[in-house]
Amino acid sequence: MRIAICGGTGFIGEALCTRWQQGGHDMIIVTRSKPDNPQPSRPISYLTWDEMKSHPERFEGLDALVNLAGSSLSQRWTQEGKQRILQSRQRTVSSVAELMDRLAFKPPVVIQASAMAIYGTSEFETFDEESPATIMDFPSKVVQEWEQAADRIPVDRLIKLRISVVLGDKGGALPKMLLPYKLGVGGKIGSGKQWLSWIHIDDIVDLIDYCIRHEGISGAVNAASPHAVTNDEFGRSIAKVYRRPHWLPLPAFMLQSILGEMSLILLKGQRILPAKALRHGFQFRYPEVTDALKQIKES
10 MRIAICGGTG
20 FIGEALCTRW
30 QQGGHDMIIV
40 TRSKPDNPQP
50 SRPISYLTWD
60 EMKSHPERFE
70 GLDALVNLAG
80 SSLSQRWTQE
90 GKQRILQSRQ
100 RTVSSVAELM
110 DRLAFKPPVV
120 IQASAMAIYG
130 TSEFETFDEE
140 SPATIMDFPS
150 KVVQEWEQAA
160 DRIPVDRLIK
170 LRISVVLGDK
180 GGALPKMLLP
190 YKLGVGGKIG
200 SGKQWLSWIH
210 IDDIVDLIDY
220 CIRHEGISGA
230 VNAASPHAVT
240 NDEFGRSIAK
250 VYRRPHWLPL
260 PAFMLQSILG
270 EMSLILLKGQ
280 RILPAKALRH
290 GFQFRYPEVT
300 DALKQIKES
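Written out as structure tokens, the structure reads:
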């Protein structure tokens, strides 16, 4: 296949590139800045966003385009920070839409990153792709506007990949989540009852590849393990796998005083079911969090 990956130098993008390189596929990586010493042997070419705009012909005849780009929510939620997050995500999607509009031979499928925050938060509900969007806070507002922008991409098959917490040893949230346990001060956050929907890095790479190859899959797709856990259960799984204590709770008021509004990322959650992936026959390598953590520890 010939695939373009926008945001291909991030945590998920790097894992995708490694997998597709091993499969002998050709890739165009769109990034803010090119690597200083790209490996000439790799079937990969690097373009900046400006070069994507000025040389759309480089993208003719793609088999797929994957857009993972966008500013992270993990920054201070000042008014300026919120605006930067919104504009970054809308700008990258708009650039993809503009590119697609200029192509004579469009890729048959675009996979656009989204997030599970689209469903809002709940301790009691389970959300699948048929659940309505619920705008109750800044993250859910960001994702709603992100998906609305994605809906304007002119493509026959658009997949909005609603990504949960991605677990791996080379990036994402897990290294930060492990830190208190390595220091011997791990414990539940807040009540510990808030849901944590998650997916192993190998599974999200598999799922993206699966979505490209299966033409019947379109629209929203939840990228989450079928077995979400609570914050307390997740912490106990870390403690078991890494043989560290799980004993010191972090009270909600303390986290709120440190992070302010941004604390809701850790204090609230949602239980996500990957109904569409399962319905189309996708099989998870690591459906259980303990098995996922064991593999990451041993890798």
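Each residue of the sequence shown is one higher than the one before, starting from 10 at the first, in my numbering.
C-beta atoms are modelled at their ideal positions from N, C-alpha and C, and glycine is treated no differently.
Please read these numbers as outputs of a predicted model, since none were measured by experiment.
Put simply, the backbone Cα of R67 is about 18 Å away from that of P163. In terms of Cβ geometry, C15 and L95 do not form a close pair [threshold 8 Å]. Taking a C-beta distance under 8 Å as the contact criterion, V175 and I213 qualify as a contact pair. Burial check for I38: the Cβ neighbour count within 10 Å reaches 16 or more, so the residue is buried. Beyond the five residues adjoining it in sequence on each side, Q84 comes within less than 6 Å, by CB distance, of G90 in the same chain, given in chain order. T239 is bridged by DSSP to W204. For secondary structure counted as the beta strand (DSSP E) over 3 or more consecutive residues, the region 48-95 holds these complete runs in sequence order: 53-57 and 73-76. Excluding the 5 residues flanking it on each side, Y219 has same chain C-beta neighbours closer than 6 Å at F291, in chain order.
L167 is not a Cβ neighbour of S246, given a cutoff of 8 Å. Nearest neighbour of P260 by Cα position, chosen from L170, S81, G195 and Q279, turns out to be G195. Per the Cβ contact rule, the region 27-45 is in contact with the region 53-68 (3 or more Cβ pairs under 8 Å). Cβ-Cβ distances below 7 Å link S131 to Q279 in the same chain, with the five nearest sequence neighbours on each side left out; the list follows chain order. Annotation: the continuous beta strand (DSSP E) that includes K169 extends over R166 to I172. Short of 8 Å from the beta carbon of A284, and not among the five residues preceding or following it, lie these beta carbons of its own chain, in chain order: D137, E138, E139 and N231. Under the three-state reduction of DSSP output, V39 falls in the strand class.
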